[in-house]
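The numbering of the sequence shown is the numbering used here, which starts it at 19 and goes up by one.
Contents: one structure, followed by commentary.
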Amino acid sequence: MTQLQNMHVQIVKDPAAGGVAGFKVFQQALAAGAKVFGLATGSTPISIYDQLTASDLDFSQLTSINLDEYVGLGSDHPQSYRYFMQHHLFNAKPFAHSYVPDGLNTDADTETKRYESIIAANPIDLQLLGLGRNGHVGFNEPGTAPQSTTHKVALTPSTIAANARFFDNADEVPRYAYSMGIGTILKAKQILIVAYGAEKAAAVAAMLQGPVTADVPASFLQTHPNVTVILDEQAASQLK
């Protein structure tokens, strides 16, 4: 493990090894008394969830809070993030309380305030993040203010296009999502961010070694006192 500013960077061979490394971060957080885990969806955290589900770790008295959810999708929709979490983690490792934004609540002001109040009442001990190719975290795209709280986000055309493969036709792809804001994410006591693949290398370099700027939302992690970064060799290939 190397140290870049306040960020503990661990470079592993591949996503499978990243899953083992990420599991150890969860294990250590549990041992230190963590009660609330912030969780993420997407392909990146799956190897960590695989390690967690195969382990004897017990989350049944703890709380999970997810980063985001599509607006318009119910929890039983196969492409909803609640469904993803059930399939990849919760069915095998249930939590006492698992919170995901309510995608069927179309009143954005009410839903985002409700979710922010849940987070305020359950301060996150360890927040898991993936990294977008443009440096986004959650659905916080370039230009998002660092003090942002949970909010409704209009998905970018590239995100909509990338998601189209999961739906029967392009018209079914959600156009909006609810997401924790950058300010909300930065309140977590510890952050674990994971990135794999050469297509993430430029974003990784900008996150770790570039200026802190809204152009690269993940760069705001440089201002957090306790961040662990797990990268495979390809994702780390542009680090100096």
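Cβ coordinates follow ideal geometry from the N, Cα and C atoms, glycine included.
For clarity, every value in this text was computed on a predicted model and none was experimentally measured.
Is DSSP giving residue i helix, strand or coil here?
| i | result |
| --- | --- |
| GLN133 | What sits at residue 133 in the sequence shown is Tyr, not Gln. Three-state result, TYR133: helix. |
| PHE55 | strand |
| ASN181 | helix |
| MET103 | helix |
| GLY36 | helix |
| ASP250 | strand |
| GLN145 | strand |
| ASP15 | Lying before the first or after the last residue shown, residue 15 is absent from the chain, which here runs from 19 to 258. |
Roughly how many angstroms separate the alpha carbons of residue i and residue j, rounded to a whole number?
| i | j | result |
| --- | --- | --- |
| HIS242 | PHE44 | 18 angstroms |
| SER82 | GLY60 | 16 angstroms |
| ASP120 | TYR101 | 12 angstroms |
| ILE200 | LYS42 | 25 angstroms |
| VAL212 | PRO235 | 15 angstroms |
| LEU257 | ARG151 | 15 angstroms |
| ALA163 | ILE66 | 29 angstroms |
| VAL247 | ASP86 | 21 angstroms |
| MET103 | PRO96 | 11 angstroms |
| ASN181 | ALA126 | 22 angstroms |
| ASP32 | THR62 | 11 angstroms |
| ALA206 | PRO141 | 7 angstroms |
| THR273 | THR177 | An answer regarding residue 273 cannot be provided, because it is not within the stretch 19 to 258 covered by the chain. |
| THR130 | ALA139 | 14 angstroms |
Only counting the same chain, and skipping five residues up and downstream in sequence, which positions put a Cβ closer than 6 angstroms to that of residue i?
| i | result |
| --- | --- |
| PRO57 | Here the sequence assigns Leu to residue 57, which means Pro is not the residue at that position. The residues are SER82, ASN84 and LEU146. |
| GLN165 | GLY201 |
| PHE77 | LYS111 and PHE113 |
| MET198 | LEU85, GLY156 and THR168 |
| SER73 | none |
| SER93 | ARG100 |
Determine, using beta carbons only, whether residue i and residue j come nearer to each other than 8 angstroms.
| i | j | result |
| --- | --- | --- |
| ALA114 | GLN79 | yes |
| TYR133 | LYS170 | no |
| GLY36 | ASP250 | yes |
| ALA34 | ASP143 | no |
| ILE136 | HIS106 | no |
| ILE203 | ASN244 | no |
| LEU122 | ALA221 | no |
| GLY153 | ALA224 | yes |
| VAL27 | ALA39 | no |
| TYR194 | VAL118 | no |
| LEU91 | PRO175 | no |
| GLN336 | MET25 | Within the shown structure, residues of the chain are numbered from 19 to 258, placing residue 336 beyond reach of any answer. |
| PHE108 | SER98 | no |
Taking 7 angstroms as the cut-off, is the C-beta of residue i nearer than that to any heavy atom in the ligand MN?
| i | result |
| --- | --- |
| PRO160 | Summarising the ligand content, the structure contains no ligands, and the ligand MN is consequently not present. |
Excluding five sequence neighbours on each side, which residues of the same chain lie with their C-beta closer than 8 angstroms to the C-beta of residue i?
| i | result |
| --- | --- |
| SER255 | ALA216 and ALA219 |
| ILE231 | Before going further, note that residue 231 is Thr rather than Ile in the sequence given. Cβ neighbours of THR231 beyond the five flanking positions: SER237. |
| LEU75 | PHE44, GLN45, LEU48 and LYS111 |
Keeping to the same chain, check which residues put their C-beta closer than 7 angstroms to that of residue i; ignore five residues upstream and five downstream.
| i | result |
| --- | --- |
| THR128 | none |
Legend entry - the segment 156-163 touching the segment 45-53, judged by at least three CB pairs closer than 8 angstroms: no
Legend entry - Validate contact between the segment 183-192 and the segment 215-224 using beta carbons, cut 8 angstroms, 3 pairs: no
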